[in-house]
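Structure first, then comments.
There are 2 protein chains.
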Amino acid sequence: MKASDFAAVAPAEIRAMIRKGEWTGPTPGMAEGYVQGNLVILPKDWAYDFLVFSQRNPKPCPILDITEPGDPEPRLVAPGTDLRTDLPRYRIWRGGNLVDEPTDITVHWRDDLVGFLLGCSFSFERALLEVSVPVRHIECGCNVPMYRTNIACHSAGRLSGPMVVSMRPIPAPLISKAVLATGRFPAVHGAPVHVGDPARIGITDITRPDFGDAVPIEDGEIPVFWACGVTPQAILMASRPPFAITHAPGHMFITSRKDSDYAVF
Amino acid sequence: MKASDFAAVAPAEIRAMIRKGEWTGPTPGMAEGYVQGNLVILPKDWAYDFLVFSQRNPKPCPILDITEPGDPEPRLVAPGTDLRTDLPRYRIWRGGNLVDEPTDITVHWRDDLVGFLLGCSFSFERALLEVSVPVRHIECGCNVPMYRTNIACHSAGRLSGPMVVSMRPIPAPLISKAVLATGRFPAVHGAPVHVGDPARIGITDITRPDFGDAVPIEDGEIPVFWACGVTPQAILMASRPPFAITHAPGHMFITSRKDSDYAVF
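Protein chains in written order, with this note's numbering: chain W, 5 to 269; chain D, 5 to 269.
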């Protein structure tokens with residue numbers, strides 16, 4: 005079975021399967037139309053800084069849900085679920101270093117941990133495809149190219165650093181459509197932060213992304229850049245909190261909310 | 005001089021006048037086109053709960069800026085200003101009780117205080133007037149009517165309670181226009197939360213608002229309800245933090261940001 009075989013399966017069924025350990029792979033393509041979330045879990049002591057940072061930088065850090073300290077249930081986006089068991093794979097960080105990649109974090113749970121779920125680009129990529137804007141890295145079957153920029157995030161407490169962006173080459177006549185289609189979804193990064201010349205945002209070589217895979221930019225296409233959910237994780241890990249848990253890349257939390265729940269117009 | 009005499013004056017000039025104690029009155033009508041903010045100042049210990057509450061209830065609690073603990077400068081919306089001196093009048097709260105209404109809070113400032121600025125309805129009322137949707141309480145020269153509802157806010161830590169809404173009677177053919185015009189501005193409460201029958205949201209007598217003044221609903225008009233910035237203050241004060249400072253009603257902070265900076269489409 006591959007992830008896309010579960011496109012039409014309901015989120016609750018997929019989470020139950022994950023909880024039983026029957027699925028430990030990536031989630032893109034599963035429960036099509038439902039929002040998938042990036043996970044960041046931090047001690048309460050760090051949660052305030054992270055929350056202020058997210059509030060000041062909503063495009064790279066769109067928060068969908070925050071759990072009460074010690075409570076692993078994301079009540080807004082998926083009541084009845086458990087962040088400790090319902091993702092296929094996690095990453096455990098100590099002092100900013102990756103120390104483990106378990107499929108269950110029950111043994112790591114503590115009374116002072118706060119879980120954050122953040123919007124991810126899968127939702128807005130579906131919005132692009134629905135209006136017939138091609139998404140190159142999906143066509144290529146690779147990961148989206150991501151770049152560190154010279155766009156400074158607004159700092160908050162111990163957290164500061166540059167915005168990371170993802171890039172999708174868009175045929176020039178479709179750029180308006182791409183802006184409007186993704187602008188409807190500010191909860192999942194929203195409209196692009198930059199259109200055109202990569203050098204203007206500090207990207208010196210578009211063929212060498214900092215994360216993910218390079219994709220070809222064809223004649224007549226313009227590189228279009230969206231704020232990326234890697235930003236908060238990169239900034240957080242650079243500041244080396246004593247303890248943190250995140251999802252493993254591509255192994256997201258599948259919420260019970262639909263993409264359309266987050267459309268603002 | 006009255007507030008509307010300062011409609012065309014820049015925010016920085018008005019704030020300087022306020023700082024010098026030359027203006028201690030309400031601010032509606034001043035610096036037309038610039039966003040005015042509700043102020044809530046809390047000890048850091050309470051700031052986290054308030055921030056999570058706001059994040060979970062963005063329609064009544066749209067946060068525009070958060071200061072670093074002990075720092076009175078709202079760097080995002082008005083760099084170079086000082087929340088301790090740049091509002092015409094404040095309210096000091098101890099244990100949920102109003103104890104003073106000074107025009108300067110420098111003597112009350114502490115290293116652990118965090119300032120929150122929240123969007124206010126003045127911005128979206130201008131958006132209504134610009135598209136020729138009448139605003140009854142402005143026509144009447146009174147305060148907007150506000151009501152406690154049976155719409156429960158999502159609770160956060162020590163904070164929970166019902167949403168407060170403001171009501172504007174809108175001629176039925178203009179309701180779509182009113183929804184679209186205010187929906188462009190989620191940072192200042194956004195689109196209505198309810199259109200029509202007040203009883204459906206727990207309002208038993210529309211002629212007796214819980215806050216503000218009653219306004220007439222004419223034949224052919226429908227009552228339209230927006231999430232109201234009184235919600236966070238009412239919920240916060242009901243939970244009786246040991247210390248808090250807010251703006252005095254109508255005596256807002258004038259930011260350096262334009263209404264149009266917050267339009268999402």
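Using N, Cα and C, we set each Cβ at its ideal position, and we do this for glycine too.
(message) Quick check on W:Trp230: does DSSP put it in helix, strand or coil?
(response) Here the question's residue 230 of chain W lines up with position 226 in the first sequence. Residue state, collapsed to three classes: strand.
(request) Tell me, please, whether the CB atom of W:Arg244 is closer than 8 Å to any CB atom in chain D? (result) Here residue 244 of chain W corresponds to residue number 240 of the first sequence, with the count starting at 1. Interface flag for W:Arg244 against chain D is unset, since no Cβ pair is found closer than 8 Å.
(message) Using a Cβ-Cβ cutoff of 9 Å, what residues of the segment 55–78 of chain W are near chain D? List them in chain order.
(response) Leu55, Val56, Ser58, Gln59, Arg60, Ile67, Asp69, Ile70, Glu72, Pro73
(message) Taking beta-carbon pairs under 9 Å, can you tell me which members of the segment 144–158 of chain W lie near chain D?
(response) Residues His158.
(request) Pull up the distance between the alpha-carbon of D:Arg60 and that of W:Leu132, whole angstroms please. (result) Counting from 1 along the second sequence, the entry for residue 60 of chain D is found at position 56. Counting from 1 along the first sequence, the entry for residue 132 of chain W is found at position 128. Cα-Cα distance, rounded: 27 Å.
(request) Please check if any C-beta of chain D sits within less than 8 Å of the C-beta of W:Gly165. (result) For this step, residue 165 of chain W is matched to residue 161 along the first sequence. No - not a single Cβ of chain D is within 8 Å of the one on W:Gly165.
(request) Return the first residue and the last residue of the beta strand (DSSP E) that D:His251 is part of. (result) Reading the second sequence from its first residue, position 247 is the one you call residue 251 of chain D. From DSSP, the beta strand (DSSP E) with D:His251 extends over 247–251.
(request) Could you have a look at W:Gly165 and say whether DSSP puts it in helix, strand or coil? (result) Along the first sequence, read from residue 1 onward, the residue named residue 165 of chain W stands at position 161. Residue state, collapsed to three classes: coil.
(request) Note down the Cα distance separating D:Arg244 from D:Leu163, rounded to an integer number of angstroms. (result) Residue mapping note: residue 244 of chain D aligns to position 240 of the second sequence, counting from 1. Residue mapping note: residue 163 of chain D aligns to position 159 of the second sequence, counting from 1. When rounded, the distance between both Cα atoms is 10 Å.
(message) Under 7 Å, CB to CB, which of the residues in the segment 180–191 of chain D have a partner in chain W?
(response) Residues Gly187, Pro190.
(request) Determine whether the Cβ of D:Leu133 lies closer than 8 Å to any Cβ atom of chain W. (result) Locating residue 133 of chain D in the second sequence gives position 129, where the first residue counts as 1. Judged by the 8 Å Cβ criterion, D:Leu133 is not in contact with chain W.
(request) Would you list, in chain order, the members of the segment 22–55 of chain D that have their beta-carbon closer than 9 Å to a beta-carbon of chain W? (result) Lys48, Ala51, Tyr52, Leu55
(message) Can you confirm whether W:Val168, when its beta carbon is compared against all beta carbons of chain D, has any partner nearer than 8 Å?
(response) The residue labelled residue 168 of chain W in the question sits at position 164 within the first sequence. No - not a single Cβ of chain D is within 8 Å of the one on W:Val168.
(request) Give the range of the alpha helix (DSSP H) segment to which W:Thr186 is assigned. (result) Counting from one through the first sequence, the residue named residue 186 of chain W turns up at place 182. Residues 179–187.
(request) Just tell me which of D:Ile239, D:His193, D:Arg188, D:Phe229 has its CA closest to the CA of D:Val135. (result) Along the second sequence, one-based indexing puts residue 135 of chain D at 131. Of the candidates D:Ile239, D:His193, D:Arg188, D:Phe229, the one whose C-alpha sits nearest the C-alpha of D:Val135 is D:Arg188.
(message) Looking only at its chain, what residues have a beta carbon closer than 6 Å to the beta carbon of D:Gly233, apart from the 5 residues adjacent to it on each side?
(response) Here residue 233 of chain D corresponds to residue number 229 of the second sequence, with the count starting at 1. Once the five neighbours on either side are set aside, the close Cβ partners of D:Gly233 are Asn42, Leu122, Cys124.
(message) What does DSSP give as the partner residue(s) for W:Gly119 in the beta ladder?
(response) As a working note, residue 119 of chain W is residue 115 in the first sequence. The partner list for W:Gly119 (beta bridge, DSSP) reads W:Ile45.
(request) Work out the CA separation of W:Ile67 and D:Pro73 for me, nearest whole Å. (result) As a working mapping, residue 73 of chain D is identified with position 69 in the second sequence. As a working mapping, residue 67 of chain W is identified with position 63 in the first sequence. Roughly 22 Å between the two C-alpha positions.
(message) For D:Phe54 and D:Lys48, I'd like the C-alpha separation in whole angstroms.
(response) Within the second sequence, numbered from 1, the residue matching residue 54 of chain D stands at position 50. Within the second sequence, numbered from 1, the residue matching residue 48 of chain D stands at position 44. So the alpha carbons of these two residues sit roughly 10 Å apart.
(request) At 7 Å on the CB atoms, spell out the chain D contacts of W:Phe269, in chain order. (result) For the purposes of this step, residue 269 of chain W is identified with residue 265 of the first sequence, where counting begins at 1. Annotation: Cβ neighbours of W:Phe269 in chain D (cutoff 7 Å, chain order): Gly187, Phe269.
(message) With a threshold of 7 Å on Cβ separation, who are the neighbours of W:Leu102 within its own chain once the five nearest residues in sequence on each side are excluded?
(response) Looking up residue 102 of chain W in the first sequence gives position 98. Same-chain partners within the cutoff: Arg95.
(message) Quick check: the Cα distance between W:Gly254 and W:Leu91, rounded to an integer number of angstroms?
(response) Counting from one through the first sequence, the residue named residue 254 of chain W turns up at place 250. Counting from one through the first sequence, the residue named residue 91 of chain W turns up at place 87. When rounded, the distance between both Cα atoms is 10 Å.
(message) Let me check one thing: in DSSP terms, what residues is W:Phe10 bridge-paired to?
(response) Position 6 of the first sequence, counting from 1, holds the residue named residue 10 of chain W. Beta-bridge pairing links W:Phe10 to no other residue.
(request) Mark D:Gly119 as exposed unless 16 or more other C-beta atoms lie within 10 angstroms of its C-beta, in which case mark it buried. (result) Translated into the one-based positions of the second sequence, residue 119 of chain D becomes position 115. Buried: at least 16 other Cβ atoms inside 10 Å.
(message) Nearest by alpha-carbon distance to D:Ala156: which of D:Glu129, D:Val148, D:Ala248, D:Val169 is it?
(response) Here residue 156 of chain D refers to the residue found at position 152 of the second sequence. Comparing alpha carbon positions, the residue from D:Glu129, D:Val148, D:Ala248, D:Val169 closest to D:Ala156 is D:Val169.
(message) Count Cβ pairs between the segment 136–152 of chain D and the segment 172–181 of chain D that sit closer than 8 Å; are there 3 or more?
(response) Contact between the segment 136–152 of chain D and the segment 172–181 of chain D is present, because at least three Cβ pairs lie under 8 Å.
(request) Taking D:Arg19 as part of the alpha helix (DSSP H), name the residues at either end of that continuous run. (result) Here residue 19 of chain D corresponds to residue number 15 of the second sequence, with the count starting at 1. First-last of the alpha helix (DSSP H) with D:Arg19: 15–23.
(message) Could you give the first and the last residue of the continuous beta strand (DSSP E) run that contains D:Ile221?
(response) Within the second sequence, residue 221 of chain D is the residue found at index 217, counting from 1. Neither: D:Ile221 is in no beta strand (DSSP E) and is coded neither H nor E.
(request) Give a yes or no on whether the minimum CB-CB distance between D:Leu122 and chain W is below 8 Å. (result) In the second sequence, residue 122 of chain D corresponds to position 118, counting from 1. For D:Leu122, the answer is no, since every Cβ of chain W falls outside 8 Å of its Cβ.
(request) Run down chain W in chain order and give the residues with a C-beta less than 8 Å from the C-beta of D:Leu80. (result) Your numbering for residue 80 of chain D matches position 76 in the second sequence. Within 8 Å Cβ-Cβ: Arg60, His158.
(message) Checking 8 Å against the spacing of the C-beta atoms, do D:Thr31 and D:Thr107 come in under that value?
(response) Along the second sequence, one-based indexing puts residue 31 of chain D at 27. Along the second sequence, one-based indexing puts residue 107 of chain D at 103. Cβ distance not < 8 Å, so D:Thr31 and D:Thr107 don't count as in contact.
(request) Locate the beta strand (DSSP E) running through D:Leu133, then write down its first and last residues. (result) Numbered from its first residue, the second sequence carries residue 133 of chain D at position 129. Element bounds for D:Leu133: not the beta strand (DSSP E) but the alpha helix (DSSP H), 125–134.
(request) State buried or exposed for W:Cys65, treating a residue as buried only when at least 16 other CB atoms are found within 10 Å of its CB. (result) Here residue 65 of chain W is taken as the residue at index 61 of the first sequence, counted from 1. Result: buried.
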